[in-house]
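Asker: Here the sequence shown stands for residues 313 to 604, numbered as in my numbering.
No residue lacks a Cβ here, since even glycine has one placed at the ideal position from N, Cα and C.
What follows is a single structure, and I will ask about it in a moment.
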Amino acid sequence: MNNNFTQLGLGTSVIASLGRSNSFSKIDNIFNTAIDLNIKTIDTSDTYGSGDAERMVGKIIKNRRNETFIVSKVGYPYVSLPEILSPFNQIGKKILQGFRVNKCFKKEYILSGIEKSLKRLNIDSLDAYLLHDFNSKDLSQYNDESFEALYLIKKKGLSNFIGVSSSDYLMLNQIVTNLDLDFIQTRMTFKKKNDLFDKFKSKKIKTIVNSIFNKKIEVNLDYRIDKLLEKFEIPKENKKTILITYCVIKKNIDCALFSTSNINHLKLVNKGFEKYKDNFTELFNNLDGLFE
313 MNNNFTQLGL GTSVIASLGR SNSFSKIDNI FNTAIDLNIK TIDTSDTYGS
363 GDAERMVGKI IKNRRNETFI VSKVGYPYVS LPEILSPFNQ IGKKILQGFR
413 VNKCFKKEYI LSGIEKSLKR LNIDSLDAYL LHDFNSKDLS QYNDESFEAL
463 YLIKKKGLSN FIGVSSSDYL MLNQIVTNLD LDFIQTRMTF KKKNDLFDKF
513 KSKKIKTIVN SIFNKKIEVN LDYRIDKLLE KFEIPKENKK TILITYCVIK
563 KNIDCALFST SNINHLKLVN KGFEKYKDNF TELFNNLDGL FE
């Protein structure tokens with residue numbers, strides 16, 4: 313694993329969506345600042361902005377490819393018009409969703425998907441390529457052909473690592489038992505012990521967790537976390553940063569993603585992470601006591 317796979321990573325699901333007011337210069341500044349702060353893992357997908365997120369990432373990293381770790385995903389339907397018509401991509405995507413067009417994990421679709429992603433990103437190879445929101449139904453429908461495609465992609469050098477993005481814990485437990493994967497991207501569950509995450513670690517599979525900033529916390533647990541932060545004189549606005557740091561340091565998560573279109577928020581998260589990761593062992597031990 314190269315040194316560009318970092319404990320914090322930036323997600324791109326909202327940076328190129330229709331109706332967003334983010335200019336390229338604004339996003340470019342945020343991502344280049346992130347790289348300077350050693351947040352070098354960038355998570356994207358062919359379906360984010362119907363390819364526009366990948367195009368934007370490609371422009372941002374044009375002169376900094378060797379400083380980044382790029383993860384992309386495949387599986388969801390999308391419309392990808394020529395760049396001049398790209399504002400209409402999201403409209404097409406919404407139409408597909410309206411007609412309930414299902415995900416596709418056919419071998420030829422995945423192999424075609426990575427070629428298109430590489431072209432949009434303007435790079436020769438990805439660092440990691442994942443099946444997007446793969447679940448038990450997909451596993452049953454596509455059986456081995458999805459993973460045959462991933463293994464071929466890795467063999468061809470189109471992606472250094474392969475894996476699955478999913479919140480289906482039963483399916484994840486099944487595939488990590490029987491298949492050779494490098495990465496799992498999933499949601500974080502706040503439990504004192506997570507056997508599945510321990511299994512990932514024993515298999516030497518790298519674990520990426522999705523943005524905790526988007527995760528709702530049960531009301532009673534949220535109250536107890538607030539009281540604990542109050543005891544340690546930590547402002548409530550740092551709560552999600554504390555939880556990100558807890559996941560990485562205490563739960564041995566390899567990378568925690570977050571998304572932002574605000575450079576001050578980016579700096580705040582990074583500053584909090586660097587502050588809390590080495591000096592708050594007692595706090596993290598207390599947090600363990602709150603989680604069942």
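#1: Taking the alpha carbon of residue 372 as the reference point, which residue from 568, 432, 455 has its own alpha carbon closest?
#2: By how many angstroms is the C-alpha of residue 378 removed from the C-alpha of residue 366?
#3: So, is residue 605 buried or exposed, given that buried needs 16 or more other C-beta atoms within 10 angstroms?
#4: Quick check on the DSSP output: the alpha helix (DSSP H) that includes residue 584 runs from which residue to which?
#5: On the three-pair Cβ rule with 8 Å, is the stretch 470-479 touching the stretch 439-451?
#6: Can you pull the DSSP bridge partners for residue 381?
#7: Which class does residue 487 belong to by DSSP, given the choice of helix, strand or coil?
#8: Since I believe residue 383 is in contact with residue 364 (beta carbons under 8 Å), could you give me their beta-carbon distance rounded to a whole number of angstroms?
#9: On the DSSP bridge assignment, give the partners of residue 497 in chain order.
#10: Flag this pair as touching only if the stretch 581-600 and the stretch 543-557 have three or more C-beta atom pairs under 8 Å; answer yes or no.
#11: Would you call the stretch 475-487 and the stretch 419-430 touching, i.e. three or more CB-CB distances under 8 Å?
#12: By the three-class DSSP mapping on this structure, what secondary structure does residue 561 have?
#13: Using a Cβ-Cβ cutoff of less than 8 Å, which residues in the same chain neighbour residue 559 once the five nearest sequence positions on both sides are dropped?
#14: Can you round the beta-carbon distance between residue 578 and residue 345 to whole angstroms, since I take them to be within the 8 Å contact cut?
#15: By the DSSP assignment, the beta strand (DSSP E) with residue 439 in it spans what residues?
#16: Which class does residue 569 belong to by DSSP, given the choice of helix, strand or coil?
#17: Which residue or residues does DSSP assign as beta-bridge partners of residue 321?
#18: Counting along the chain, where does the alpha helix (DSSP H) carrying residue 542 start and finish?
#19: Determine the DSSP secondary structure at residue 506, reduced to helix, strand or coil.
#20: Measuring CA to CA, which of 482, 575, 462 is closest to residue 322?
#21: Check the C-beta distance from residue 532 over to residue 511 and give it rounded, since I have them as a contact under 8 Å.
#22: What are the boundary residues of the alpha helix (DSSP H) that residue 597 is part of?
#23: Can you say whether residue 489 is buried or exposed, counting buried as having 16 or more other CB atoms within 10 angstroms of its CB?
Answerer: Walking through what the data contain:
#1: 432
#2: 17 Å
#3: There is simply no residue 605 to check, as the chain begins at 313 and stops at 604 in what is shown.
#4: 575-588
#5: Per the Cβ contact rule, the stretch 470-479 is in contact with the stretch 439-451 (3 or more Cβ pairs under 8 Å).
#6: 353
#7: Helix, per DSSP.
#8: Contact flag wrong, Cβ pair sits at about 17 Å.
#9: 477, 520
#10: yes
#11: no
#12: helix
#13: 500, 521, 524, 565, 568
#14: Confirmed, Cβ separation roughly 6 Å.
#15: 438-443
#16: strand
#17: 353, 569
#18: Here the alpha helix (DSSP H) through residue 542 covers 531-543.
#19: coil
#20: 575
#21: Not really, about 29 Å apart at Cβ, beyond 8 Å.
#22: Per DSSP, residue 597 is one residue of the alpha helix (DSSP H) stretching across 593-602.
#23: exposed
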